[in-house]
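Each protein sequence line maps, in turn, to chains A and B. The numbering of the first sequence is my numbering, which starts it at 1 and goes up by one. The numbering of the second sequence is my numbering, which starts it at 1 and goes up by one. Where is the CB? At the ideal position from N, CA and C, for every residue including glycine. These numbers were taken from a predicted model, which means no experiment stands behind them. Okay, structure first, notes after.
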Amino acid sequence: MMNRRDRRRLFSRLMTTATLAAALLAVLPLFLIFAYLVFKGASSVNVDFFIQNPAPPGVSGGGVANAIVGTGIVVGVGSLIGLPLGVGAGIYLAEYGSGKLAYTVRFVADVLNGTPSIIVGVFVFTWFVRPMGHFSALAGAVALAILMIPMVTRTTEEMIRLVPNSLREAALALGYTRWRTSLAIVVRTATPGIMTGALVAVARITGETAPLLFTALGNVNFRTDVMEPMQTLSLQVYAYAVGPFPEWHRLAWGAALVLVALVLTFGIAARYATRAKYEAN
Amino acid sequence: MFGGKPAVRDASLEFPTNTVTAIIGPSGCGKSTFLRCLNRMHEMVPGASVEGKVLLDGEDIYEPDVNPIELRRRVGMVFQRPTPFPTMSIFDNVAAGLRTHGHRKPKDLGERVGSALRGAGLWEEVNDRLDASAVALSGGQQQRLCIARAIAPQPDVILLDEPTSALDPISTQAIEDLIQDLKAHFTVVVVTHNMQQAARISDFTAFFYLGELVETGPTEDLFTNPKQSRTEAYVTGRFG
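Right, here's the structure in full:
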């Protein structure tokens, strides 16, 4: 029969092992997915893959050049719309957000965060694509922006709230106006966190497919005009994966690998760029 | 007053020019609240209000035409925990108060920052790394940096809210010596919960208890010959 101390130690070791196992299990899918993608997609990825457009049905080869550029354009324009609005709303909520309006904005943002992305796509189709008369990359960008704004708003607000009140006090006591305190001191201090939140949101929307189905639609050609339908890597993966040709399926894996690699590289580069520059005492 | 409940009542104090006045009293007795009324910082708290007058050189700072920004240029404040702006260098920290009040020329800023750092006794230690981050300094140095930041705009009055309670004894000593130097150019008011510190550094002392100003007078008199029984009980350590 174990005494109390041994029982405690055993229990502690058990729990440590259990939580470690849970952590490993949690990250396992990421590694499995990436490994499988490399296994299935590496054969399709060569130089041609990056510089050619998709080949006609039945013809082998071809690449995803238009999709890569398209992803860049749609995500880029979407971020140009979504990031300023999201960060601005986040700053407002954090610095001046105690009234009824702030409560409403926060509530709406939380609801929007949970809205299925395909619904957002349908919404933009109704209010943007239909009046315009055609699909476009711009409509796709708008859909992505709508998805992005609640994410960015909430993370921005959280990051700003983390700035200690003593910093605000110090600035006000120095004679700073409320605005200057908010922007030059508080937001400046929260910038690394805000940027991380923004980059996470950008990485999220890079992979979105459903909202683009009704807005950017896709395009077999290489296009850079935002007023035309545009192809993205996510749409390309979808188009190839449900297609009838085994060749297409092979290319789908390649496109998926490129997409994941893109997001991963972007994320790592972003973390590196926003690493804490000063070590606090 | 906060939301209708008075935090401090019936306080009437004079702060003679170029002296150090210490405000002492047990925790929660309203010392910091009173101090914050002197540069209108209590206005940061929603629901806070003030009755009465605070005269700076004879003019009430609560008159409607007084600009709080301009007031805070003339009445500076240093807080308990050192709060250097983490995204700014040492130079930019000290220059912050200057820039916000319109000083822009680099030469002008350089001179004023230099003299503020000398005034805070920090020049020797940092003059070779003015562009370094302010958070790389030690706690005591950071607090002296905050003092330099407060004195750079050359205010008339400096308010210090328990400036050494978060510091080690050596830094505390350095700042106490600094306060003695400061009074030559500024009028200083220090809130402290450390009676001995008050006795060491101040010319005048005011004792607050439960939101009331109990007694005030020259420091030596208040400690050796207090007039009120509550004062005597506090300074002899019968309660804290």
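Distance from B/P163 to B/Q143 at the Cβ level is roughly 6 Å; contact confirmed, criterion being Cβ atoms closer than 8 Å. Each of A/A145, A/R4 and A/I119 was checked against the Cα of A/T206, and the nearest Cα belongs to A/A145. Legend: CB atoms of the segment 172–190 of chain A lying less than 8 Å from CB atoms of chain B belong to residues L172, A173, L174, G175, Y176, T177, R180, I185, R188 and T189.
Excluding five sequence positions before and after B/D57, the CB atoms of its chain that fall closer than 8 Å to its own CB belong to D156, given in chain order.
By the Cβ test, the segment 224–231 of chain A is in contact with the segment 69–84 of chain A, since at least three Cβ pairs between them sit closer than 8 Å. By DSSP's assignment, B/M77 forms a beta bridge with B/L159. Collapsing the DSSP output to three states places B/D60 in a strand. For A/L162, the nearest beta carbon of chain B is not closer than 7 Å to its own beta carbon. Ranked by how close their Cα comes to the Cα of B/I24, the residues B/N127, B/A166, B/G102 and B/A198 have B/A198 in first place. In the DSSP assignment, B/E215 is bridged to B/F207. The beta-carbon of A/A94 is placed no less than 7 Å from the nearest beta-carbon of chain B. Counting along the chain, B/V190 sits inside the beta strand (DSSP E) bounded by residues T187 to V191. The three-state reading of DSSP puts B/T21 in strand, counting E and B together. Residue-level contact check: A/S166 touches chain B, since one or more beta carbons of chain B fall below 7 Å from its beta carbon. Linking B/E125 to A/G41 through their CA atoms gives a straight-line distance of about 59 Å.
A/A145 has a beta carbon lying at 7 Å or more from every beta carbon in chain B. Using a C-beta cut-off of 8 Å, the segment 199–215 of chain B makes contact with the segment 7–26 of chain B, since at least three inter-stretch Cβ pairs fall below that distance. When secondary structure is reduced to three states using DSSP, A/L217 falls in the coil class, being assigned neither helix nor strand. Note that the C-beta distance between B/V135 and B/S32 is not below 7 Å. For the pair of segments examined, the segment 118–126 of chain A was found not to touch the segment 40–60 of chain A: the number of CB pairs separated by less than 8 Å stays below three. Between B/F204 and B/E215, the C-beta spacing is not below 7 Å. Inter-segment contact for the segment 185–202 of chain A and the segment 164–176 of chain A is present: three or more beta-carbon pairs are separated by less than 8 Å. A distance below 7 Å between beta-carbons, with the five flanking residues on each side excluded, links B/T231 to the following residues of its chain, in chain order: F207, V214, E215 and L222. Residue burial annotation: A/A255 is buried, with at least 16 other C-beta atoms found within 10 angstroms of its C-beta. At a cut-off of 7 Å between beta-carbon atoms, B/I90 makes no contact with chain A.
Contact with chain B is absent for A/A102, since none of that chain's Cβ atoms lies less than 7 Å from the residue's Cβ.
Annotation: the segment 111–159 of chain B contains the following complete segments of the alpha helix (DSSP H) (minimum length 4 residues), in chain order: 123–126 and 139–151. Excluding sequence positions up to five before and after A/Y238, its CB lies within less than 6 Å of the CB of T209, all in the same chain and listed in chain order. Taking B/P64 as reference, the option from B/R238, B/R73 and B/K53 with the minimal CA-CA separation is B/K53. Around the beta carbon of B/H42, 16 or more other beta carbons lie within 10 angstroms, which makes this residue buried.
Across the structure, B/E111 and A/A137 are spaced so that their CA atoms are roughly 55 Å apart. The count of Cβ pairs closer than 8 Å, one atom from the segment 81–95 of chain A and one from the segment 140–158 of chain A, reaches three, so the stretches are in contact. Taking A/P57 as reference, the option from A/R7, A/F245, A/R4 and A/K100 with the minimal CA-CA separation is A/F245. Sixteen is the threshold: since fewer than 16 other Cβ atoms of the shown chains lie within 10 Å of the Cβ of A/M15, the residue is exposed. Contact between A/G267 and A/A203 holds, since their C-beta atoms are separated by about 5 Å, short of 8 Å. At least 7 Å separates the CB of B/I170 from every CB of chain A.
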